[in-house]
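Per our numbering, the sequence shown starts with residue -3, numbered consecutively.
For each residue, glycine too, the CB sits at the ideal point set by N, CA and C.
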Amino acid sequence: MGKGKAILIGVLVIITAIGAYSYSQSKKPGKFDDFAKCLTANDVKMFGAYWCGACAQQKNLFGKSFNYVNYVECAVRGSDIQSGVCRENEIESYPTWEFADGSRQTGVLPLGSLAERSNCELQQ
């Protein structure tokens, strides 16, 4: 076997190993999956916009567990128009959290605050 062929095989093995590792990591549950699912089960929702920096910060607190949060996108891509559901709900700033009792809180909320407001257990 030539030197070039051996290098090519080595590179392919490394790429395959990295791909397998990445795939296995993507299938692992997120740290806050149960907490995020509890928020959704308790009728907690977050209104936000894809361009909102504070919304991105809030999402980052959850990591990949944010996929389980009841999230309402308020921005219509390619437009400065707010989505109908957000207009109807009179959402004025992002992120806005709405709780089961109808109360709202705006801004980036620590997960502990969300746990207190929702009666969901936050496991660290």
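For E88, the three-state secondary structure derived from DSSP is coil. A check of alpha carbon separations from G98 across Q78, R113, S75 identifies R113 as the nearest.
Note on Q54: 16 or more other CB atoms within 10 angstroms of its CB, so buried under the neighbour-count rule. If you ignore the 5 residues before and after L118, its C-beta comes within less than 7 Å of the C-beta of F31, L107, G108, A111, all in its own chain and listed in chain order.
Between the beta-carbon of R83 and that of W93 there is about 18 Å, and that puts the pair past the 8 Å contact cut.
Per DSSP, N115 is not a residue of any alpha helix (DSSP H), being assigned neither H nor E. About 5 Å separates the CB atoms of T36 and N66; that is less than 8 Å, so the two are in contact. Closest by C-alpha distance to G74, out of K27, P25, F43, W47, is W47. Per DSSP, the beta bridge partners of G44 are E69. A Cβ-Cβ distance of about 23 Å is found for the pair C51 and P25, leaving them out of contact under the 8 Å criterion.
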